[in-house]
Amino acid sequence: RLSAIELVTIIVQKLPLPLLEESAHLIFLPFVLQLVNDDSKKCKEAIAIALTSLLKRISNDRLQSFYEYITRWFSGGDSHAQGPLQRTAAQLYGIIVDSRIDFVKRGDTATDLVDNLSFVMQNEMKQDSFTCLKDGRWELLYFCLICFEKLTISEIGPSLSDNAAWEYVVSALVHPHPWVQQAASRTVNALVVSLDPKEFGCANGTRRLFITTNKGSLYNIARNLCFQMNATEEEQNSNLSTLAIKTLSWVVQAMHSFPKLCFKDAASAISENPSESCSDDEESSSSKDPVLWLFKRLSNIARNKGQQRRHGVFKCYAAFATLCARDLLSAYLSTMIEPLHRALAEAENEENARNQHLASEEITALPTEVMQLLEQCCGTETFIKAYAEVKTRAQEKREKRKSDINAEAVVDPRAAAIRKIKKQEGNKRRRKRRMEEKKAARGSFKKKKQINI
18 RLSAIELVTI IVQKLPLPLL EESAHLIFLP FVLQLVNDDS KKCKEAIAIA LTSLLKRISN
78 DRLQSFYEYI TRWFSGGDSH AQGPLQRTAA QLYGIIVDSR IDFVKRGDTA TDLVDNLSFV
138 MQNEMKQDSF TCLKDGRWEL LYFCLICFEK LTISEIGPSL SDNAAWEYVV SALVHPHPWV
198 QQAASRTVNA LVVSLDPKEF GCANGTRRLF ITTNKGSLYN IARNLCFQMN ATEEEQNSNL
258 STLAIKTLSW VVQAMHSFPK LCFKDAASAI SENPSESCSD DEESSSSKDP VLWLFKRLSN
318 IARNKGQQRR HGVFKCYAAF ATLCARDLLS AYLSTMIEPL HRALAEAENE ENARNQHLAS
378 EEITALPTEV MQLLEQCCGT ETFIKAYAEV KTRAQEKREK RKSDINAEAV VDPRAAAIRK
438 IKKQEGNKRR RKRRMEEKKA ARGSFKKKKQ INI
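The sequence shown begins at 18 in the working numbering and counts up by one.
So this is what it looks like as structure tokens:
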């Protein structure tokens, strides 16, 4: 099949234009049918290349007839039978944008295309997680996002950046499928990299943006990107994390320059996750300051153990230190230092317990480099003052925890005894695990018992 597709591609590229124009539908329709039904990834990629070659050479009139076919398939409903054809239509939209952007920019074609994509994305985002992942249903939303990303990069017109479809793109950042998350992240990043975070929200700006017209969108982007970074160790994705870091580096500067864009109205406030502990004063201040909320959210993500999750947050801090202004970072320096200090302290305790210096160096290398970057950016005096504040706060927490345990032994001896038993059991498991790790490092393993039959 692959050889036949490649042969047809060569024929399409070499065939005289009048003959190609006459027989274009004989190539287009069978290829679409194969794109719907073929299970081979290589064949689908080859078909996309062949269709791109075909669409580049045909006239606008012939392409218009194909475009009407595609629109009919795309709007054919969301029944199970129409699902693969609708998904293929979304893919074909992307191929048209790639190969014939001049056609898309004609008349109202771009507006109609974006409206069609927006309508389908709205319906797909209403589906629950089980339905989204069932039978490849997520692929329709994925190809819609791919097409929308290509339109964003092509800059088909100023109206695209203010379209209602962006609401669904931002919501797709937390879709259960990682490919959809990645497509949405690329789309958002493609828009923000073209904007100056310090000037895009000015009143004299000529470009209308959904971030400025739909208040609260900036906060939604930051919240959903933090959700991506807070994924479990098994679900961590380096490409997704890199995109989130790039976009958050722009978002934090935009929040600092235009904090009012983070609130839907004057009375609204950003609330912390209830599961994240903080004092009333801290919660009140973070609800009014979106940048403080973002730094606290990242700090809470790095609080949980997990090397990839923590490294993602630390790389985000490194990007902030490289791109953000000194006054912005200095105001939130202690909030950034806290998870870095915790990671270094835990690695030091682990090194003392296991006596594994090399393993500890691998863990501490990144937080140490980030601390040095922050010191260079904010100045040594400011950094030392913030670091001392973090150390003092950590020491006070340890002392309070010890005093609470001692008080519990007097007030509630039963609970204290249960806590002590759990601690002893944990120590036993930890010692056993370390012994097994040392045996494995020496190459000795536990012998299996032989069963005599």
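Beta carbons: idealized from backbone N, C-alpha and C, even for Gly.
Keep in mind the model is a prediction, meaning the values are calculated, not measured.
Within the stretch 307 to 393, the complete alpha helix (DSSP H) segments of 4 residues or longer fall at 307 to 320, 324 to 340, 343 to 348, 350 to 371, listed in chain order. According to the DSSP assignment, P214 belongs to no alpha helix (DSSP H), since it is labelled neither H nor E. In this structure, L340 sits away from S255, with a CB-CB distance that is not shorter than 8 Å. The stretch 206 to 217 makes no contact with the stretch 239 to 257, as fewer than three CB pairs between them are under 8 Å. If you draw a 10 Å sphere on the C-beta of V269, you find 16 or more other C-beta atoms in it, and that means buried. Q51 counts as buried, since no fewer than 16 other beta carbons sit within 10 angstroms of its beta carbon.
Distance from C149 to H192 at the Cβ level is roughly 7 Å; contact confirmed, criterion being Cβ atoms closer than 8 Å. DSSP places N241 in the uninterrupted alpha helix (DSSP H) bounded by 234 to 246. Here P33 is exposed, its C-beta having fewer than 16 other C-beta atoms within 10 Å. In this structure, the alpha-carbon of E141 lies about 26 Å from that of I118.
Taking 8 Å as the cut-off, the Cβ atoms of Q325 and Q253 count as close.
Straight-line spacing of the CA atoms in R343 and C164 works out to 38 Å. By the neighbour-count definition (other C-beta atoms within 10 Å, threshold 16), K167 is a buried residue. Here the alpha carbons of L311 and D125 stand approximately 40 Å from one another. Annotated as proximal: V25 and A67, with beta-carbon spacing under 8 Å.
Here the stretch 331 to 340 lies against the stretch 380 to 391, with 3 or more beta-carbon pairs under 8 Å apart. L345 places its beta carbon 8 Å or farther from that of F400. For L190, no alpha helix (DSSP H) run applies, since DSSP gives it neither H nor E. One alpha carbon belongs to A63, the other to K277, and they sit about 48 Å apart.
DSSP, read as helix, strand or coil, puts Q108 in helix.
Taking the CA atoms as reference points, L391 sits about 11 Å from L357.
R410 sits in a helix when the DSSP states are folded into three classes. By the neighbour-count definition (other C-beta atoms within 10 Å, threshold 16), K313 is a buried residue. Contact between L109 and I87 holds: CB atoms are separated by about 5 Å, below the 8 Å threshold. Assignment of beta strand (DSSP E) within the stretch 83 to 167, counting only whole runs of 3 or more residues, yields no such run. In this structure, V187 lies near N237, with their beta-carbon atoms less than 8 Å apart.
Leaving aside the five residues that flank A200 on each side, the residues in its chain whose CB is nearer than 6 Å to its CB run, in chain order, Y159, L162, I163.
Under the three-state reduction of DSSP output, F280 falls in the coil class, being neither helix nor strand. Going by beta carbons, T69 and S20 fall outside the 8 Å limit. Membership of Q270 in the alpha helix (DSSP H) is indicated by the continuous run 255 to 274.
Boundaries of the alpha helix (DSSP H) harbouring L43: 34 to 54, taken from the DSSP string. In this structure, DSSP gives L226 a state outside helix and strand, which the three-state scheme calls coil. Taking C-beta atoms as the reference points, S57 and R18 count as a pair closer than 8 Å. Inclusion of A432 and E425 in the CB contact set at 8 Å is warranted, their separation being smaller than that value. A107 sits close to F91, with the two beta carbons spaced by under 8 Å. Going by beta carbons, I318 and V308 fall outside the 8 Å limit.
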